[in-house]
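Residue numbers (the numbering used here), protein chains in the order written: chain A, 25 to 217; chain B, 25 to 217.
All C-beta atoms, glycine included, are put in the ideal place defined by N, C-alpha and C.
2 protein chains.
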Amino acid sequence: MNTKPLIDYFNKILPLDDEEKVFVEAFFKERRVKRRQFILQEGEICMHNTFVLEGCFRMYFIDDKGKEHNLQFAVENWWIGDISSFHAEEPSKLYIEAVENSIILQIKKEDQLNLFVDYPKFNRIFRVLAENAMVGLQQRTIQNISSTAEERYLDFLKRYPQFFNRISNIQIASYLGVTPEFLSAIRKKIAKS
Amino acid sequence: MNTKPLIDYFNKILPLDDEEKVFVEAFFKERRVKRRQFILQEGEICMHNTFVLEGCFRMYFIDDKGKEHNLQFAVENWWIGDISSFHAEEPSKLYIEAVENSIILQIKKEDQLNLFVDYPKFNRIFRVLAENAMVGLQQRTIQNISSTAEERYLDFLKRYPQFFNRISNIQIASYLGVTPEFLSAIRKKIAKS
DNA sequence: ACTGTTTCTTAAGATACCTTATGGGTACGT
DNA sequence: ACGTACCCATAAGGTATCTTAAGAAACAGT
Chain A
25 MNTKPLIDYF NKILPLDDEE KVFVEAFFKE RRVKRRQFIL QEGEICMHNT FVLEGCFRMY
85 FIDDKGKEHN LQFAVENWWI GDISSFHAEE PSKLYIEAVE NSIILQIKKE DQLNLFVDYP
145 KFNRIFRVLA ENAMVGLQQR TIQNISSTAE ERYLDFLKRY PQFFNRISNI QIASYLGVTP
205 EFLSAIRKKI AKS
Chain B
25 MNTKPLIDYF NKILPLDDEE KVFVEAFFKE RRVKRRQFIL QEGEICMHNT FVLEGCFRMY
85 FIDDKGKEHN LQFAVENWWI GDISSFHAEE PSKLYIEAVE NSIILQIKKE DQLNLFVDYP
145 KFNRIFRVLA ENAMVGLQQR TIQNISSTAE ERYLDFLKRY PQFFNRISNI QIASYLGVTP
205 EFLSAIRKKI AKS
């Protein structure tokens, strides 16, 4: 099992001692997920926190009209999960689907709670993670309420250039909150200028 | 100085012992802020974390066209601050302005960091706070990319009924990402039905 | 109580974005 | 290697939201 990227990731935030590394190795389980497979579906309770080793995921929800809306993508060294469902232990409204064949590391909610009690350092680490995620979401909210779709698309490309050749325009459109047809028009306009 | 609401607030998340209460009383400072006064302006580094005892604030940014966009409101028992600037110690792009005469409790960044080291329980508390904030922002992102302005307004009223008689429609429109004129049209339509 | 400022509303014309439909190209599973 | 499903582009007509301008009502500071 390959926990090295995860341990490196934690080390960058706050260096781990050996005992903490052992815990990580013991309680994060590697799992392979095929393209199109779900690691969470609406109605299920999110019982794992997931770290992506390889591959790509999207998290989305389906509105009353049956339309999908992407909330987040996750590639190597990103976290993904429905925090809301995870914490409240309520049925999730979200889907998390592998966009590519992927490899992930997962920790069970129960084990993560023990982690927080037995190794307090992880409270600091996960606080930092949550705060970083907040900053990202706040940034996205700023974009959503103040920018046009074209500006949002350009910002998306600048912010996540890794996604450009990896995620279809349909998925990007869904993330930006526009129809694929309109994104196509935007791309045409950008190409011309 | 009235730290009781803050201690009650912490106790609800994770009960504090006496030593921790003393720390809170020692390091959170009460401050009175008049209507229209700023506790943070663009260009400043956000050096405090703020808890609202009384009154109401709005946090906003100004886009390249000079337009204001509200990111968040905060009333009694809410936190407010530019986390991004607070953590990175970079100049903020945001303004935080008192909408009413207000009373707040503030802790300096330095003291909050000591708090995390000396009283690890606060790592858990602030991790929970950050996670709650994430859930809220995620919810708002969902709304932004999938709902019409009318739906967003109705959801806003349902979620924050306290704001209805307290915050002007201009401020609500800015929070929702629409013009005041259009919000006015929405309100007219809702009133009819 | 007065006065200046801010707020809310209305309306007309403009722009951003959506819906539906269609066709050609490309990638995936077998 | 094949067929099928998916992806991307284009276009026409429709809806949501913005811009500008103006007036009436409510409010804040003195």
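- With 16 or more other Cβ atoms inside 10 Å of its own Cβ, residue 158 of chain A counts as buried.
- Taking 9 angstroms as the threshold, the shortest C-beta distance from residue 211 of chain B to chain A does not fall below it.
- Boundaries of the alpha helix (DSSP H) harbouring residue 31 of chain B: 28-37, taken from the DSSP string.
- Listed in chain order, the positions of the segment 158-190 of chain A with a beta carbon within less than 7 angstroms of a beta carbon of chain B are 158, 159, 161, 162, 164, 165, 166, 168, 169, 170.
- Relative to the Cα of residue 143 of chain A, the nearest Cα in the group A/25, A/34, A/44 belongs to A/44.
- Look at the segment 143-154 of chain A: the residues with a C-beta under 7 angstroms from a C-beta of chain B are 144, 147, 148, 150, 151, 154.
- Following the DSSP letters along the chain, one finds residue 48 of chain A inside the alpha helix (DSSP H) bounded by residues 42-51.
- A residue is called buried when at least 16 other Cβ atoms come within 10 angstroms of its Cβ; residue 137 of chain B does not meet this threshold and is exposed.
- Inclusion of residue 119 of chain B and residue 167 of chain B in the CB contact set at 9 angstroms is not warranted, their separation being larger than that value.
- Taking residue 146 of chain A as the centre and dropping the five residues before and after it, the same chain places the C-beta of 139, 140 closer than 7 angstroms to its C-beta, in chain order.
- Not a single C-beta of chain A is nearer than 9 angstroms to the C-beta of residue 72 of chain B.
- For the segment 111-140 of chain A, the set of residues with a beta-carbon nearer than 7 angstroms to any beta-carbon of chain B comprises 111, 140, in chain order.
- With a cutoff of 9 angstroms on beta-carbon distance, residue 87 of chain A and residue 116 of chain B are scored as not near each other.
- In its chain, beyond the 5 residues on either side, no residue has a beta carbon closer than 6 angstroms to the beta carbon of residue 201 of chain B.
- As a beta-bridge residue in DSSP terms, residue 126 of chain B pairs with B/57.
- Not flagged as an interface residue toward chain B: residue 41 of chain A, since no C-beta distance is shorter than 9 angstroms.
- The beta carbons of residue 121 of chain B and residue 85 of chain B sit no closer together than 9 angstroms.
- For residue 25 of chain B, same chain residues with a beta-carbon under 6 angstroms away, outside a window of 5 residues either side, are 54 in chain order.
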